[in-house]
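Below you'll find the structure, written out as structure tokens, and then a few comments.
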Amino acid sequence: MSTKARSVFVYMYRDAANYKAGGQLLLDGECSEAAEATIRQHCDSWNHFVAEQVDVPVLYAELYQFSNGPTVDDIAFHEFERLRAATAEDVASTQSWGTLDDLIARFRAVEYWDCTLSPHCQ
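For the sequence shown, the numbering used here begins at -13 and goes up steadily by one.
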């Protein structure tokens, strides 16, 4: 019986006050140093990206429960943390987002990060 290689894209949202929300995407496809390097290469210099631009689920709304909605500290960018191999627990508890190749293609297609796609562009 063969098992399908899966990866986890680990990312977070950090507002200007340093409040954080973490997230991850389960992806079909084997993670590699080259795949992680490609994603990093296409982020800005601080590993930031605009989630809305690559259709990655936004995480800032998770902080709204503490502030009753958006605040002046909200920013447009999310942070890429790492790419890792998926565990059996990841596969059992997380719905697949799509393929690693598709996610990489979305990052590669970005010419510049357009913060106006986020409601928190300042």
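A virtual CB, placed ideally from N, CA and C, is assigned to each residue, including glycine.
All values derive from a computational prediction rather than experimental measurement.
Next item on the list: Give the range of the beta strand (DSSP E) segment to which A7 is assigned.
Entry: K6 to D14
Notebook entry, point to check: Since F52 is in the alpha helix (DSSP H), which residue starts that stretch and which ends it?
Noted result: Y50 to S53
Next item on the list: Specify, as a first and last residue, the run of the beta strand (DSSP E) that H110 falls within.
Entry: The question about residue 110 has no answer, for the chain in this structure spans -13 to 108.
Check: Near T80, what residues of its chain come up, given a Cβ to Cβ distance below 6 angstroms and the 5 sequence neighbours on each side ignored?
Finding: L12
Check: For the alpha helix (DSSP H) that contains S79, what are its first and last residues?
Finding: A74 to S79
Note to self: In the DSSP assignment, the alpha helix (DSSP H) including T24 goes from what residue to what residue?
What the structure shows: E19 to H28
Item checked: Limits of the beta strand (DSSP E) - the one that V(-6) falls within -> R(-8) to R0
Next item on the list: Using the DSSP secondary-structure output, state which residues sit across from H34 in a beta bridge.
Entry: E65
Check: So what does T85 bridge to, in DSSP terms?
Finding: D14
Next item on the list: Determine the burial state of G55: buried for a count of at least 16 other Cβ atoms within 10 Å of its Cβ, exposed for fewer.
Entry: exposed
Notebook entry, point to check: Do the CB positions of D1 and G84 come within less than 9 angstroms of each other?
Noted result: no
Margin query: Tell me which residues share the same chain as H106 and place their Cβ nearer than 6 angstroms to its Cβ, disregarding the 5 neighbours each side in the sequence.
Written below: D60, I61 and A62
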